[in-house]
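A short write-up of the structure that comes next.
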Amino acid sequence: MKTNGKIMSINKDLYTVMESDSVFPCSVRGKLRNFKLTVGDNVVFDTESLTIEEVMPRKNTLIRPLISNIDKLFIVVSTNIPKFSTYLLDKFLVLSEINNIEPVIIVTKLDICEKDEKREVKQAIKYYKKLGYKVYTNNQIRKIKREMKGCVVSLAGQTGAGKSTLLNRVNKNLNLKIGEVSEHLGRGKHTTRLVELIQFGDSLVADTPGFSSLELDESLERISSGFIEFGFNCKYSSCTHVKNDGCSVIERVNNGRILKSRYESYLKLIGR
């Protein structure tokens, strides 16, 4: 019988497909053998022959890590150990924008931040909120749970930013050790890391190794489009926002309307 399902994990030629509350070990045959299936793919499969017959259109696909159809990216940023990084945050925001993924910023360790650093972080948070991004602290668990509801969610952030602690607070039955999200999924620190979707209440959480060391292999135009406040008001339609010759972006950076660290992130991402 043919039915719809979602690929939860891939290990060589074995595809774990979930349908409702059931999981099926499937294979592929025919023309799909030459098609690169990914975790997160929505597929049509046969529950008797255990073969995947069709792949539904994707709304997004990330190459590194390889995963499709993410609804939301929870960007977990620490304010202290590791230090708050606007560059890493901006990189994840650009990744979200150019891949049609809704970003949600979650700030951790604000309570142990030094006074001057806290002021800097709050100033940045105010700016991101003004751009329209959702920003929560890790104490706003009820709102974070609401963001997760019915979605495929991936977590991104530096090691030590508080991803395990956050998941423990969302689901108190997990009891994850700090920094050991992957151990809960049955993998030790020295075993092969595979992208995998884990059922988390009525949502799916993607364990995506490699996110913290993500490199954006995108064109200048695509990266520029990921900075949503830049717009298209420059003197030249092909403006790269590097030379101050009628560039409205540089003008707005100079007068404080665009956060300076955002522009610095842009220059770093395009290799300038």
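FYI, in my numbering the residues of the sequence shown are 437 to 708.
Built from N, CA and C at the ideal position, the CB exists for glycine as well.
Run through the DSSP bridge pairs and tell me what Pro539 is partnered with.
Leu509
Quick check on His626: buried or exposed, where buried means 16 or more other Cβ atoms within 10 Å of its Cβ?
Residue placement at His626 cannot be trusted, given a pLDDT of 35 that sits under 50; what the coordinates show is reported in the next sentence. That one is exposed.
What would DSSP say about Ile534, mapped onto helix, strand or coil?
Secondary structure at Ile534: helix, using DSSP grouped into helix, strand and coil.
Best match in Gly667, Thr487, Leu546, Val588 for proximity to Thr497 [C-alpha to C-alpha]:
Val588
With a threshold of 16 other CB atoms inside 10 Å of the CB of Gly622, please say whether the residue is buried or exposed.
Confidence in Gly622 is poor, its pLDDT being 38 and thus under 50, which makes the residue's placement too unreliable to answer from.
Ile577 to Gly637, Cα distance in whole Å?
Separation of Ile577 and Gly637 (C-alpha to C-alpha, rounded to the nearest whole angstrom) is 15 Å.
For Ser639, which beta-bridge partners are listed by DSSP?
Phe636
Please give the ranges of any alpha helix (DSSP H) in the stretch 567-616, keeping only runs that are unbroken, at least 4 residues long and fully inside the region.
Those alpha helix (DSSP H) runs which fall completely within the stretch 567-616 and span 4+ residues are 577-584, 599-606.
Which residue wins for smallest C-alpha separation from Val459, given the options Gln635, Lys495, Leu703?
Gln635
Selected residue, minimal CA-CA separation from Arg708, among Glu687, Val678, Ser684:
That would be Val678, whose Cα lies nearest to the Cα of Arg708.
DSSP three-state label for Tyr451, please.
strand
The beta strand (DSSP E) that contains Ile488, what's its start and end?
487-491
Beta-bridge partners of Thr497, as assigned by DSSP:
Thr497 is bridged to Ser504.
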